[in-house]
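Here the sequence shown stands for residues 147 to 520, numbered as in this note's numbering.
Don't be surprised by glycine CBs; every beta carbon is placed ideally from N, CA and C.
None of these values were measured; they are calculated from a predicted model.
The block underneath contains the structure these notes are about, expressed in structure tokens.
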Amino acid sequence: MLDRPGWGLLFSDDVFFTGAPAPSSRKSGWTLSNAVNAQEGARGAGMDAALDALMRVVGDDLTRVNQSIVARMDSPVGLIPQLGGYIIAAGGKRLRPLLTLAAARLCGFEGERHAHLAACVEFIHTATLLHDDVVDESMLRRGRDSANAVWGNKASVLVGDFLFARSFQLMVEDGSLKVLAILSHATSVLAEGEVLQLVTANDTSTTEDAYMAVIRAKTAQLFAAACQVGAVVAERPEVEEQALHDYGMNLGIAFQLVDDYLDYSAKQQDLGKTVGDDFMDGKITLPVILAYARGTEEERAFLRRCLEDQEMPEFQADLARAMEMMTRYDTLSETITRARAYGEKARQALSVFPDSEAKSALVGIVDFCIDRAY
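The following block contains the structure:
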């Protein structure tokens, strides 16, 4: 690490991270390192069995990832580790970096390169969360104030840019042009997906093909890249690289389909999120597309009023009506059916690998992603 004036002061007890509504409301004792490591402990305490199995496979690798995150979040600009630590402390299961670690172990890799690349994947994902909350004007992230609600849009965008830059430093330092190509491509496609989602928002004429293009790009591409680099660092043959890419792509699609289902499910409240956020934002997801296609002209006019014109004087009543439509036309159940189909494709992609603890754990993650709906 570079030797800069004041560098060692940044992780003293003067830098804290809490769920406070403003930076001035800080809780003594929370440093960036504590925030990162606390997430590892929190997952271990109440973890789903599938995640527990995945954690057994990666062993101490996640600790190395956390160490890399703490080191790379370091900056003489104190706001960077403060805001970055805040969003990391907000939760999440670190699924994407865990996939990188498990994929490498599945391929028999025994080194440490994969831990730094897993940190890279987490930085890419965290940067997109910061930017997404600004674009969506979200005030909550996993049940607590979003970073932009606490520090404002400007700080969130700029720290997100910093995390993207750090991720590219990690790619370059790995030394593999193939790794650089995979992760940089995923990052650019992810950005394209976010722009495409912006373009299709508030447009009830959005097709299923356009919707699938959005979720492949903004969600599934990073899942695919996170898994594929595990095979690359292990120097496995192309067929195994492709298998892990396909596993991640199909898993990511299934994951996003379930997420889009959950926005119209009471289960969403159990996840620390607000039911109907997508509806309020005018996002055109599969449950909406199917309901619009199957609805009467009066019902389509209702959806256009809510999603295109954004005229919802009684939001809860309009949301309840939309959810009733989705239930009556089976659009929610069909969304989960399609998620299961992509989950099965993910399982089948792993058939090229012999049975192992790592393979079983990755298969179990498919069930975990889909079972969030129940």
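Query                                                                                                             : Result
E381 to D291 span [Cα, whole Å]                                                                                   : 42 Å
Start-end ranges of the alpha helix (DSSP H) lying completely within the segment 445 to 480, minimum 4 residues   : 461 to 474
Helix, strand or coil at R290 according to DSSP, with G and I counted as helix                                    : strand
Whole-angstrom distance between P433 and E443, CA atom to CA atom                                                 : 17 Å
Touching by the beta-carbon criterion (3+ pairs, under 8 Å), the segment 503 to 520 and the segment 193 to 210    : yes
Collapsed DSSP secondary structure at R558 in the structure displayed                                             : Past the boundaries of the shown model lies residue 558; the chain is included only from 147 to 520, so the question cannot be answered.
Proximal residues to R210 (C-beta, below 7 Å), its chain only, five neighbours per side dropped                   : E258, A261
The segment 223 to 238 touching the segment 266 to 280, judged by at least three CB pairs closer than 8 Å         : yes
Inter-residue Cα distance where the pair is C266 and I215                                                         : 8 Å
Alpha carbon of Q367 to alpha carbon of S351, nearest angstrom                                                    : 25 Å
Stretch-stretch touch, CB-based, cutoff 8 Å, three pairs: the segment 336 to 354 with the segment 297 to 304      : no
For A519, three-class secondary structure by DSSP                                                                 : coil
Nonlocal neighbours in the same chain, by C-beta distance under 7 Å from V203, ignoring five residues either side : A248, R251, E503, A504, A507
V345 - DSSP class collapsed to helix/strand/coil                                                                  : helix
Inter-residue spacing [alpha-carbon to alpha-carbon] between A347 and I516                                        : 25 Å
Test item: CB-CB of E454 and M471 under 8 Å                                                                       : no
Range covered by the alpha helix (DSSP H) that runs through C373                                                  : 367 to 379
Residue environment, R474, which counts as buried when at least 16 other CB atoms sit within 10 Å                 : exposed
Simplified DSSP state of G321, which is helix, strand or coil                                                     : coil
Distance CB(T246)-CB(A372) smaller than 8 Å                                                                       : yes
Pick from G428, S322, K491, P459 that is closest to I399, judged by C-alpha positions                             : K491
Cβ contact (3+ pairs, closer than 8 Å) linking the segment 479 to 499 and the segment 389 to 403                  : yes
Distance CB(L229)-CB(T420) smaller than 8 Å                                                                       : no
Contact check, E480 vs L449, beta carbons under 8 Å                                                               : no
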